[in-house]
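What follows is a set of notes on a single structure, which appears directly below.
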């Protein structure tokens, strides 16, 4: 009897685990489909899906939330790039190589990009509680800052392109900075979509 009871408990346990796995899988596949749908229309679709799948939560549903997540992804990637370029610049400075100035200039541009993205995250947070007039003022700021961050990243890449520093180091810098430019471009797509939907909602529900 004890053997039967133990076997029965094992069976129930196996069924429960299988059900939990299936439920998690269904939720995961549903969320993945949602992410893929929302990433359509961005300039870098695969990168968008990859990043949002990692950083977004299943409760991330609204255009504003998606814009916030995408923008925070940009900031995180920019900080990663800055950390790497800072180390490279320090090494080149100690070695007194001719490539130091180009990397130093790149670092300044990425630093500026980090500042622009940090300001954008804060400004986007203010938009949800802003009056209609202030909303579009905040929008203008975010658009300007995010566009500047992309420009700074591209300028950095142009600046190091003509230098013959170690091929691995150079390719790593380019890859990290290009990633910043691309995720920020995607974030700008999400932000503009959020603004467009906000405008549409206001046109259908004007304030009295």
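In the numbering used here, the protein residues as written are -8 to 199. Beta carbons are placed, not taken as given, at the ideal position from N, Cα and C, and that holds for glycine.
Have a look at residue i and residue j and give me their C-alpha separation to the nearest angstrom.
| i | j | result |
| --- | --- | --- |
| residue 55 | residue 85 | 45 Å |
| residue 24 | residue 114 | 29 Å |
| residue 31 | residue 89 | 43 Å |
| residue 170 | residue 68 | 7 Å |
| residue 26 | residue 91 | 41 Å |
| residue 57 | residue 49 | 11 Å |
| residue 71 | residue 120 | 31 Å |
| residue 161 | residue 131 | 34 Å |
| residue 74 | residue 193 | 42 Å |
| residue 98 | residue 118 | 30 Å |
| residue 82 | residue 151 | 16 Å |
| residue 190 | residue 122 | 13 Å |
Determine the DSSP secondary structure at residue i, reduced to helix, strand or coil.
| i | result |
| --- | --- |
| residue 68 | helix |
| residue 153 | coil |
| residue 90 | coil |
| residue 225 | The requested residue 225 is not part of the displayed model; the chain covers only -8 to 199. |
| residue 50 | coil |
| residue 31 | coil |
| residue 140 | helix |
| residue 121 | coil |
For residue i, decide whether its Cβ has a neighbour in chain C, counting only Cβ atoms nearer than 7 Å.
| i | result |
| --- | --- |
| residue 122 | Absence of chain C from the displayed structure is noted, only one protein chain being present. |
Among the options, which one has its Cα closest to the Cα of residue i?
| i | options | result |
| --- | --- | --- |
| residue 140 | 127, 111, 123, 158 | 111 |
| residue 184 | 47, 22, 79, 61 | 61 |
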